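**Q**
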Amino acid sequence: MAMVVVVTLGMISLTGCENTTPTPQEREAITKTVRQYLNQLSDAYTNMDARRLKGVASKGEMAAVSKVLHRLAMSGDRLEASLRRVDFEDIEVFRVVNATVKLLEVWDVRRLDAFNGKEKGRNPNTIQHSVIQLRKIDGKWLVTFRSVLETQGGSKWGVATPPAHTGEASATPPAQESTGAVSTPAAKNP
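Take the position in the sequence shown, starting the count at 1, then add 482; the result is the number in the working numbering.
1) Quick check: what's the CA-CA separation for Lys-549 versus Gly-537?
2) Classify Glu-571 as buried or exposed, calling it buried when 16 or more other Cβ atoms lie within 10 Å of its own Cβ.
3) To which residues does DSSP link Lys-600 through a beta bridge?
4) Note down, one range per segment and in chain order, each alpha helix (DSSP H) of at least 4 residues found wholly within the region 499-571.
5) On a CA-only basis, which of Ile-609, Gln-507, Thr-515 and Val-547 is nearest Ala-526? Give me that one, please.
6) Between which two residues does the beta strand (DSSP E) carrying Thr-593 extend?
7) Is it buried or exposed, Cys-499, if we count other Cβ atoms within 10 angstroms and call 16 or more buried?
8) For a test of your reading of the model: does the CB of Gln-522 fall under 7 Å from any non-hydrogen atom of the ligand FMN? Yes or no.
9) Buried or exposed for Met-556, please, with buried defined as at least 16 other CB atoms from any protein chain shown within 10 angstroms of its CB.
10) Report the partner residues of Lys-608 according to the DSSP bridge assignment.
11) With a Cβ-Cβ cutoff of 8 Å, do Ala-532 and Met-544 count as a contact?
12) Pull up the DSSP beta-bridge partners for Arg-577, would you.
13) Could you tell me the alpha carbon to alpha carbon distance between Leu-631 and Arg-577, rounded to whole angstroms?
14) With Val-583 and Arg-567 assumed to form a contact (beta carbons below 8 Å), what rounded beta-carbon distance in angstroms separates them?
15) Can you tell me the Cβ-Cβ gap for Arg-592 and Leu-561, rounded? I've got them flagged as a contact below 8 Å.
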């Protein structure tokens, strides 16, 4: 009995010391999948179609993105986002089949009217700190979850607001942009 307790305690202590550093092959495969996912996420937002994530995201993640796209459409918005840069800040692999990736993403985001395509705003330097979780299924890494922890930006939605029509020309131009950091609670921002 004492031997079983000692062995069990030893196994529990070793489990807490799991090496989470990915092998070079794991790092390469995970990095490739994440880049592909982000590019296809951009495509999903542009086309309002979460099926664009097929092959790089789990069904659950595709359903979550689909809900976000539906909410955007209900508000009359559509996004076009181009990934400008992605920095891999940390990659950890757990039990060979699970991975967590911490990223710094820089996006050029345009907010458009979902119906006529007219630009409502643009932020060419949206910085997002995100975490992506992946699972290795049938030998292939798939994104199972993405969470945006924080969004910071340069120029925020620089769109000229037309002056109220009074019949007279306005002497002052409308505000073009504002700056500052903004915390975004939405988990599925591009």
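Ideal placement from N, C-alpha and C gives every residue a C-beta, glycine not left out.
Nothing here was measured: the structure is a model prediction, and the numbers come from that model.
**A** Checking against the coordinates, here is how it stands:
1) Near 19 Å, if we compare the C-alpha coordinates of Gly-537 and Lys-549.
2) Using a 10 angstroms sphere on the CB of Glu-571, the tally of other CB atoms stays under 16, which defines it as exposed.
3) Partner(s): none; Lys-600 has no beta bridge.
4) Runs of the alpha helix (DSSP H) lying entirely within the region 499-571 and spanning at least 4 residues, in chain order: 506-529 and 541-556.
5) Here the closest residue by C-alpha is Val-547.
6) It should be pointed out that residue 593 corresponds to Arg in this sequence rather than to Thr. Looking at the DSSP string, the run of the beta strand (DSSP E) that includes Arg-593 is 580-595.
7) It is exposed - the Cβ of Cys-499 has fewer than 16 other Cβ atoms within 10 Å.
8) In the structure shown, the ligand FMN is absent, as is every other ligand, since no ligand is present at all.
9) It is exposed - the Cβ of Met-556 has fewer than 16 other Cβ atoms within 10 Å.
10) Going by the sequence as given, residue 608 is Thr instead of Lys. Bridge partners of Thr-608: Trp-589 and Gly-635.
11) Against a cut-off of 8 Å, the Cβ pair of Met-544 and Ala-532 comes out as a contact.
12) Its beta-bridge partners do not exist; DSSP assigns none.
13) Going from the Cα of Leu-631 to the Cα of Arg-577 covers about 25 Å.
14) With a Cβ gap of about 15 Å, Val-583 and Arg-567 do not count as contacting.
15) That belief holds up - the Cβ atoms of Arg-592 and Leu-561 are roughly 7 Å apart, short of 8 Å.
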